[in-house]
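Residue numbers (this note's numbering), protein chains in the order written: chain D, 1 to 245; chain U, 1 to 245.
Even for Gly, the Cβ is constructed at its ideal location relative to N, Cα and C.
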DNA sequence: ACGCCGCACTCAAGTAGATCAGTCTTTCGT
DNA sequence: ACGAAAGACTGATCTACTTGAGTGCGGCGT
């Protein structure tokens, strides 16, 4: 997709041609950053909203003793928090998982944008609410899903979110996370992630090879994960609903 | 505190007398609800913002097989998501932990309120950002803190958040959660919570009796928990900073 | 085309926390 | 004031996941 930000926002509220134009105007120049580099550091003062255009990034917190937790994954079209510039200090870092292309919307530009278009304002608000819902679902996963369920759930979520910006089909999507990244996202060790992946493969549910995920049986995977896409709150142009046999 | 909503919002942005008056006007009549009852159910269509005036509530998700996770705790002054009415379906329930007194701000009233006072608008925005940060911190706890660290962290957070609305001193605060509630919040069983509590008591860090928590050594507890209050993003009228010896 | 380094993967202990099946204590309704 | 129920607490056993110390493959830079 050429404009993943408009693509994603239009999943929450239909956008007019003018909306898309204003959005494109507000976006600063595209910047590139290497895999594993930081887009913003913990402690920095955020003054703009960064939007991922290509590649994957993550929000991560690091404890004093080195333990690291990935608290969310940012895909093309995701923004690193609208209005984040209202806070004066980042409480987490945003790092590139793959090489990333991103652009910023300066605080003032975002405010004039939402003042001009109530539509866009609503879209940003709903996006923020959906992001919060995703964060809650991660809390649920860590709190009460087992290793295999967590992994299955993450795969279902990634496929669905990527599909929303045209980067996944019903059964396949990119998945450029290393087993270490998965471990840091799911609160487990990479050793255990490795075994759990093999279990999912042995059950014939997925293939994961050269950074690409294939889901052989989406409904069995969703069932295993207790995955219910309602929390993603996409309302416009959903994935076609599954056909009952 | 008589007006916990204004009290809490003024931790993010100083409020004028007019702001406080408008806020009070927008608030609907106070309603009471029994402990353990639901304020909103999963699946309901939210049409107003509920604000807790007295008592504790929680957001909770339930999986199909009965597993339950408390994803956040709502204290006096906390709102159940400004702008939540933009979504059409609750993805989680909000239930009372203790008897709760709450009031609603209808969607339209909130919108005219934020249109009238940019100050209040900012305060709500910052509150939403702080709420998101708290959710991320819970993700971190579940992802990489041990049982005893999680419990210590929760205690530090609750004391700090209650202090922000005048309901806690430096060393003591109400804590009306059962060991079952703690278990559901921290992704563990009540059996294990019980043992962990005893460990905290044995180390002389806390007393927890008849729904009241006393922290005997706040800085040792914070250290154990890796608790850094920065993520709460209170900026106005912080707890006085600790005095270096 | 070669060497290197990150990543996937393996094995053998060790452990935090779960499970189950209780007893004891406090709270609360009538 | 009494009984019932909710909550706190215990002990024995079990297991999902961690730890640490590896091997081998494959993709990347020079």
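Looking at residue i: is its Cβ nearer than 9 Å to the Cβ of residue j?
i, j, result
"residue 91 of chain U", "residue 133 of chain D", "yes"
"residue 95 of chain D", "residue 170 of chain D", "no"
"residue 166 of chain U", "residue 98 of chain U", "no"
"residue 220 of chain D", "residue 205 of chain D", "yes"
"residue 151 of chain U", "residue 197 of chain U", "yes"
"residue 105 of chain D", "residue 74 of chain D", "no"
"residue 218 of chain U", "residue 161 of chain U", "no"
"residue 115 of chain D", "residue 85 of chain D", "no"
"residue 234 of chain U", "residue 130 of chain U", "yes"
"residue 83 of chain D", "residue 125 of chain U", "yes"
"residue 26 of chain D", "residue 39 of chain D", "no"
Can you list, in chain order, the residues of its chain whose CB lies under 8 Å from that of residue i, leaving out five sequence neighbours each side?
i, result
"residue 145 of chain U", "153, 225, 226"
"residue 241 of chain U", "Interpretation of residue 241 of chain U is limited by its pLDDT of 44, a score under 50 that renders its predicted location unreliable; the figure taken from the coordinates is listed afterwards. Excluding positions up to five away in sequence, the list is empty."
"residue 24 of chain U", "3, 6"
"residue 199 of chain D", "148"
"residue 236 of chain U", "10, 11, 12, 13, 14"
"residue 142 of chain D", "150, 186, 187"
"residue 44 of chain U", "89, 90"
"residue 61 of chain U", "42, 68, 69, 71, 91, 92, 93"
"residue 163 of chain U", "169, 170, 173, 239"
"residue 34 of chain U", "96, 99"
"residue 201 of chain U", "207, 208"
"residue 65 of chain D", "none"
Quick one, which of the options has its alpha-carbon nearest residue i's?
i, options, result
"residue 187 of chain U", "U:38, U:26, U:46, U:71", "U:71"
"residue 16 of chain D", "D:66, D:221, D:160, D:123", "D:123"
"residue 59 of chain D", "D:135, D:26, D:23, D:85", "D:135"
"residue 29 of chain D", "D:41, D:102, D:57", "D:102"
"residue 183 of chain U", "D:76, D:172, D:140", "D:140"
"residue 8 of chain D", "D:78, D:40, D:32", "D:78"
"residue 156 of chain U", "U:65, U:40, U:213, U:26", "U:213"
"residue 137 of chain U", "U:228, U:31, U:66", "U:228"
"residue 113 of chain D", "D:209, D:21, D:207, D:208", "D:21"
"residue 107 of chain U", "U:203, U:46, U:230", "U:46"
Beta-carbon within less than 6 Å of residue i's beta-carbon, same chain only, minus the 5 sequence neighbours each way: which residues are those?
i, result
"residue 179 of chain U", "190, 193, 194"
"residue 80 of chain U", "50, 94"
"residue 245 of chain D", "For residue 245 of chain D, the predicted structure reports a pLDDT of 38, less than 50, and the residue's modelled location is therefore unreliable. The matter cannot be settled from this model."
"residue 222 of chain D", "156"
"residue 32 of chain U", "101"
"residue 1 of chain D", "Here residue 1 of chain D scores only 49 on pLDDT, less than 50, and its place in the model should not be relied on; the value that follows carries that caveat. Counting only Cβ-Cβ distances below 6 Å, and skipping sequence neighbours, we find 7, 165, 166."
Excluding sequence positions up to five away, which residues of its chain have a Cβ less than 7 Å from the Cβ of residue i?
i, result
"residue 211 of chain D", "174, 175, 176"
"residue 304 of chain D", "Residue 304 of chain D lies beyond the stretch modelled for chain D, which goes from 1 to 245, so this question has no answer here."
"residue 181 of chain D", "70, 97"
"residue 243 of chain U", "Here the model assigns residue 243 of chain U a pLDDT of 44, short of 50, so the residue's position is not dependable and the matter cannot be decided."
"residue 63 of chain D", "none"
Determine which residues share a DSSP beta bridge with residue i and list them.
i, result
"residue 94 of chain U", "U:40, U:59"
"residue 50 of chain D", "D:104"
"residue 32 of chain D", "D:101"
"residue 69 of chain U", "U:61"
"residue 213 of chain D", "D:173, D:208"
"residue 79 of chain D", "D:51"
"residue 224 of chain U", "Looking at the DSSP assignment, residue 224 of chain U forms no beta bridge with any residue, so it has no partner."
"residue 74 of chain D", "D:57"
Quick check: does the Cβ of residue i come within less than 8 Å of any heavy atom belonging to the ligand PLP?
i, result
"residue 64 of chain D", "For the structure depicted, the ligand PLP is absent and the ligand set is empty, with no information on it obtainable."
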